[in-house]
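Counting in the numbering used here, the sequence shown runs from 457 upward without gaps. Beneath this line is the structure, given in structure tokens, with notes to follow.
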Amino acid sequence: NRATQAMYSPGSTFKVVGALAGLESGVITPKTVFQCAGSFLLGPIVFKCWEQGGHGDMNLREALTLSCNVYFYNLGFRMGGPPLWSMSHAFGLGEKIGVPLEGEAAGILPTEEYKRALNSRDRWMPGDSVNMAIGQGLLNVTPLQMGVVAAALANQGTVLKPPLVLRVETPRG
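Pasting the structure below:
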């Protein structure tokens, strides 16, 4: 059952979670502008935008509309992991939703503790936040989890457990 058992990097669909984390933490406002020249440099590592030539100056609405990676790289770098972890947790990412189906996956919500469990000498690095802000890196979710995120956005923030329909009956049974 791929909806509940398969785990994927959510990619750009996760950018709304990063945006909300940035707003709630006060790292950005809707008017915060980052300049996209097509890439973001973090030490020797170049993180590229999908728009090779860059998008230019972008505010949050424009960055979400055009899915500008560089805007979210900047956001992830400035914000760090804790706001991303907190907002992801608020949407239920990294946890089983609780649908009554066998084998439901919890996904992976990478944190400092998660990385240390994989390798005791590892720690959360700025590049981890940069990757996570665009829905990449160690982050993995199920399709149903991202459906729950989308539904919560549509209903003004209420995270609901999706109902499972066992059968459909007519009024006469």
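C-beta: ideal position from N, C-alpha, C; glycine also.
Whole-angstrom Cβ separation of Val473 and Phe547, contact assumed at under 8 Å?
Start at 1 with the first residue of the sequence shown, and residue 473 comes out as number 17. Start at 1 with the first residue of the sequence shown, and residue 547 comes out as number 91. Correct: roughly 6 Å between the Cβ atoms.
For Met463, which residues in the same chain have their Cβ closer than 8 Å to its Cβ, ignoring the five residues on either side in sequence?
Here residue 463 corresponds to residue number 7 of the sequence shown, with the count starting at 1. Taken in chain order, the residues that qualify are Ala561, Gly563, Ile564, Asn596, Val597, Thr598.
Put Phe496 into one of helix, strand or coil per three-state DSSP.
The count along the sequence shown starts at 1 and reaches residue 496 at position 40. DSSP places Phe496 in strand when its eight states are reduced to three.
From this set, Phe496, Met543, Cys492, which residue's C-alpha is nearest Leu609's C-alpha?
Stepping through the sequence shown from its first residue, residue 609 is reached at position 153. Nearest option by C-alpha distance: Met543.
Measure the C-alpha to C-alpha separation of Lys571 and Gly467 and round it to an integer number of angstroms.
Locating residue 571 in the sequence shown gives position 115, where the first residue counts as 1. Locating residue 467 in the sequence shown gives position 11, where the first residue counts as 1. If you take the alpha carbons of Lys571 and Gly467, they lie about 20 Å apart.
Spatial neighbours of Leu557 within its chain, please: C-beta separation below 8 Å, excluding the five flanking residues on both sides.
In the sequence shown, the residue the question calls residue 557 occupies position 101. Excluding sequence neighbours, Leu557 sits near Asn457, Thr460, Leu620.
With Lys504 as the anchor, note down where its alpha helix (DSSP H) starts and where it stops.
Within the sequence shown, the letter at position 48 stands for residue 504. Where Lys504 is concerned, there is no enclosing alpha helix (DSSP H), although the beta strand (DSSP E) it sits in stretches over 501-504.
Terminal residues of the continuous beta strand (DSSP E) containing Thr514?
In the sequence shown, residue 514 corresponds to position 58, counting from 1. Here residue 514 turns out to be Met, not Thr, going by the sequence shown. Residues 512-514.
By DSSP, does Val621 sit in helix, in strand, or in coil?
In the sequence shown, residue 621 corresponds to position 165, counting from 1. Coil at Val621, not helix or strand.
Quick check on DSSP: helix, strand or coil for Asn611?
For the purposes of this step, residue 611 is taken as the residue at position 155 of the sequence shown. Here Asn611 sits in coil by DSSP.
For the candidate residues Leu476, Met588, Pro566, Ala589, whose alpha-carbon lies nearest to that of Asp578?
Position 122 of the sequence shown, counting from 1, holds the residue named residue 578. Cα-wise, what sits closest to Asp578 is Pro566.
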